[in-house]
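Every position in the sequence shown, counted from 1, becomes a number in my numbering once 2 is added. All residues carry an ideal CB built from backbone N, CA and C; glycine is no exception. Take a look at the structure below.
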Amino acid sequence: MANSPQAKKRATQNATRFAINKARRSRIRTHLRKVEEAIASGDKEAAQAALRAAQPELMRGVTKGVFHKNTASRKMSRLASRVKALG
Numbered sequence: 003m004a005n006s007p008q009a010k011k012r013a014t015q016n017a018t019r020f021a022i023n024k025a026r027r028s029r030i031r032t033h034l035r036k037v038e039e040a041i042a043s044g045d046k047e048a049a050q051a052a053l054r055a056a057q058p059e060l061m062r063g064v065t066k067g068v069f070h071k072n073t074a075s076r077k078m079s080r081l082a083s084r085v086k087a088l089g
C-alpha cells in the first residue's frame, strides 16, 4: 500500500488512467470488429464505411498513447487491403 501522499496520488492517477485507456482500447476493438464482420459478410460498402469510422479511432488511440504508431498503421494497412480485395 502507498505510504506517502505522493505515492497515494500516483496510485489514484494510475487507476484513473488505466480505466480511461481500457475504455479507449475497448472502443477501438469494437470498431475493428465491425470492419471484420463487414469483411466476413462480403459487403464491400459496409466494410468501407466501417473502415472509415475505425481509422480516426485508431489514430486517436495512438495520440493518447494506447497503441504504438506502427501497430495502428499495420492494422489499418491490413484491414484496408482486405477491404480492397472484396469483390
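Excluding the 5 residues flanking residue i on each side, which residues of the same chain have their C-beta closer than 6 Å to its C-beta?
i: E59; result: I30 and H33
Just the C-alpha distance for residue i and residue j, rounded to the nearest angstrom, thanks.
i: G89; j: V37; result: 15 Å
i: K66; j: I41; result: 28 Å
i: A87; j: T18; result: 41 Å
i: P7; j: K24; result: 26 Å
Taking Cβ positions, are residue i and residue j nearer each other than 8 Å?
i: V85; j: R26; result: no
i: A74; j: V64; result: yes
For residue i, which residues from the same chain have a beta carbon less than 8 Å from its beta carbon, with the 5 sequence-adjacent residues on both sides left out?
i: K10; result: A4
Tell me the residue span of the alpha helix (DSSP H) that contains residue i.
i: F20; result: P7 to S43
i: A82; result: K71 to A87
Please determine if the region 71 to 89 and the region 44 to 54 are in contact, where contact requires at least 3 C-beta pairs separated by less than 8 Å.
As far as the Cβ criterion goes, the region 71 to 89 touches the region 44 to 54, which means the pair count is three or higher.
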